[in-house]
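Take a look at the structure below.
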Amino acid sequence: MGAAGAKDSDSVPRRAQLLQRAQDLCEAFAQRKSLEEVLSHFSEDVLLFEHGLPDLAPFLGREFRGLQGARDYFELIGELLDFEDMNFSDYMVDVDTDQASVRGQAKFIWRSTGKSWQEVFVYRLRFDCEGKISAYEVWADSGAAYVSSMARKRVVLVSYEFTYSPFSGNGILARSIVKALLRLGCRVTVWCCKPEVTSQDHHLAVPEIPLEDQQRLQLIPVQLSAQQGWRQLDEQSAWQKFSLQNLEQRQQLLQEVSSADVLCAIDWTGAKALKSLPECLRDKRFVYMNFRVYSSGVAQADRRLWFDTAEREGFEGAAAVVALSQPDREKLRELGAEEVEVLLPPLRGDLQRLALGSAADAALPEEVPRRDGRWLLTCVVRLSQEKQALRFVRLIQRLQSSGVLKELGLVPLLAGATGDEAYAAQVKRELLEVNNEAIVISSFLTPKALCAIFAHTALNVHPCAYDAYGMTVVEAAACGAPSLLATGAGAHALLQEATVTVEMPQEEQQVPEEMVKSLEAALRDDVRLEQLGREAQRKALEWDELAYGRRLLGILCP
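Residue numbers (full-length UniProt numbering): 1 to 558.
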């Protein structure tokens, strides 16, 4: 009792000492005292580390050791940054670990651009026995520093599908692109299509993006009528209506294009729209982003020729061409594109946040019963012929016949936007004929609902022989659900061995015996599925919108 009391008594002056030393350092910063005065607070073997990615700023993510390292760190920051109105609060001292933490805030200015931002940051200080600082760590909004280090770029993005009633992965990826560019300080104008249907509009706004980002985003839509082909991305789409002559806000778009640093067209539909602009505006830097080589997987020779011609015309004159996968890169090069960058799509931000939390069963669609564990065998694709959803039906038919579904307690679930109404109706009808317990979801899936479904998914089946990427494969992975997909499918480049890969014939009705055996073996091996799910989740969560945006901005504005 007496010893404990002595320790508590000894800790009082030590606590006061550490608090005073922390306050002295912060006062030296706030009052802009000399570098020599600042360095006098550190031990000779001090370690300084500011958390963040090194490619955002040269003082981030690297260790600075000793007093010379400390001098280098503060001199480097002084060359790049200035600050105003720095103040500190919420000091906390832990005498057991000889550490103190403090919250600071200030207005920072990036010297080369003059851009400023308000920032809250945290210091964690560790002290030696003499009360000198032996370790100095900083947590701050390094993304804000990166944005302010750059001159803001003006980007015009031309995308057939965006936030007006999105129906495919194209709209989801376009959304991620814009969010990332806004986060990196760009001003973005999106020229897109707007159908009459508004029930699924999902615009970028607070709180998904900050108000400052929202104010740098402008949408200029071409209005489509109910008779024009929405929910299709092929030659049956409304691509002919997506042109300058059908745009009411024509003058506004021309002004944005004339002041843009770069024009970016998504797929041949976006490129055709872009090339309806006056020739005097076509000397701008133009980047062509290919989300899908449409002739891949098309059986009819005349349709393949039509798409290939549209693709060539699309990338003609482009300063850079971007593809989603290595197979698409090779196909574009066969068509005549000289240099093609491969840039894998990111996991969208809302799914990333939800996947890092815990999925709530309350978000499950009403068609899905509440059960514990992973008991769903899912297929989440757009219901159009190029996604080959009938192959999922044929697989379920084989599993039903062999008794595997009943043995393992698995229930098939099909969900996805309708791309072709007749085809979608056929897929749903045949699935229910094959398995009357199958769950068919026709309603729009919110991100929360999608995550809740994938949280109960044992294996996700991506049934198409060709897909440029497969966004839902990565979204399932983020929720810990591995996927069965075709060898060489785009998402495989990211997830690699954390998938079940099989050879898929071009004809969707064909389900080879080896494919069925691979599927059954995967479903019977709970341990392997769990391992695949964990590894797939890790890989999916690593590649986020901001990391993607930095790579893309380097291509758009080198």
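Cβ atoms here follow ideal geometry from the backbone N, Cα and C, with glycine treated the same way.
Apart from the 5 residues on each side of it in sequence, residue 458 sits with its Cβ closer than 7 Å to the Cβ of 374, 375, 376, 377, 410, 523, 529 in its chain, given in chain order. By a beta-carbon distance limit of 8 Å, residue 273 does not contact residue 225. Their separation comes to about 17 Å.
DSSP lists 133 as the bridge partner or partners of residue 127. The beta carbons of residue 326 and residue 342 sit closer together than 7 Å.
Inclusion of residue 314 and residue 466 in the CB contact set at 7 Å is not warranted, their separation being larger than that value. The alpha-carbon separation between residue 400 and residue 433 amounts to approximately 11 Å. The count of Cβ pairs closer than 8 Å, one atom from the segment 380-396 and one from the segment 419-437, reaches three, so the stretches are in contact. Boundaries around residue 104 are those of the beta strand (DSSP E), 99-110, since no alpha helix (DSSP H) includes it. Comparing alpha-carbon positions, the option among 50, 87, 549 lying closest to residue 349 turns out to be 549. One alpha carbon belongs to residue 370, the other to residue 543, and they sit about 31 Å apart. Secondary structure at residue 471: helix, using DSSP grouped into helix, strand and coil. Secondary structure within the segment 165-217: the beta strand (DSSP E) runs of 3 or more consecutive residues, fully enclosed, are 187-194 (chain order). Excluding five sequence positions before and after residue 440, the CB atoms of its chain that fall closer than 6 Å to its own CB belong to 414, 428, given in chain order. Per DSSP, residue 315 is not a residue of any beta strand (DSSP E); the alpha helix (DSSP H) it occupies stretches across 301-315. The three-state secondary structure of residue 486, taken from DSSP, is strand. DSSP places residue 26 in the helix class (H, G or I) of the three-state scheme. Just so you know, the alpha carbons of residue 91 and residue 19 end up roughly 7 Å apart.
Collapsing the DSSP output to three states places residue 500 in a strand.
The three-state secondary structure of residue 379, taken from DSSP, is strand. Classified as buried, residue 537 has 16 or more neighbouring CB atoms from the shown chains inside 10 Å of its CB. For residue 328, the enclosing alpha helix (DSSP H) begins and ends at 326-334. CA-to-CA, the gap between residue 54 and residue 75 works out to about 17 Å. The beta carbon of residue 557 is closer than 7 Å to those of 153, 261, 262 in its chain, skipping five residues each way along the sequence. In this structure, DSSP gives residue 13 a helical state, which the three-state scheme calls helix. Taking a C-beta distance under 7 Å as the contact criterion, residue 416 and residue 380 qualify as a contact pair. Taking a C-beta distance under 7 Å as the contact criterion, residue 126 and residue 134 qualify as a contact pair. Each residue's CA atom was taken as its position, placing residue 525 and residue 405 some 14 Å apart. For residue 392, the uninterrupted alpha helix (DSSP H) run begins and ends at 390-402, by DSSP. Here DSSP, grouped into helix, strand and coil, assigns residue 418 to strand.
Looking only at 247, 208, 293, 45, the smallest Cα-Cα distance to residue 219 is reached by 247. The beta-carbon separation of residue 479 and residue 455, rounded to 5 Å, stays under the 8 Å limit for a contact. For residue 269, the enclosing alpha helix (DSSP H) stretches over residues 267-274. Distance from the CA of residue 28 to the CA of residue 89, rounded to the nearest whole angstrom, comes to 15 Å. The three-state secondary structure of residue 243, taken from DSSP, is coil. Note on residue 52: 16 or more other CB atoms within 10 angstroms of its CB, so buried under the neighbour-count rule.
Pairwise C-beta distances place the segment 77-84 out of contact with the segment 92-103, as fewer than three of them are shorter than 8 Å.
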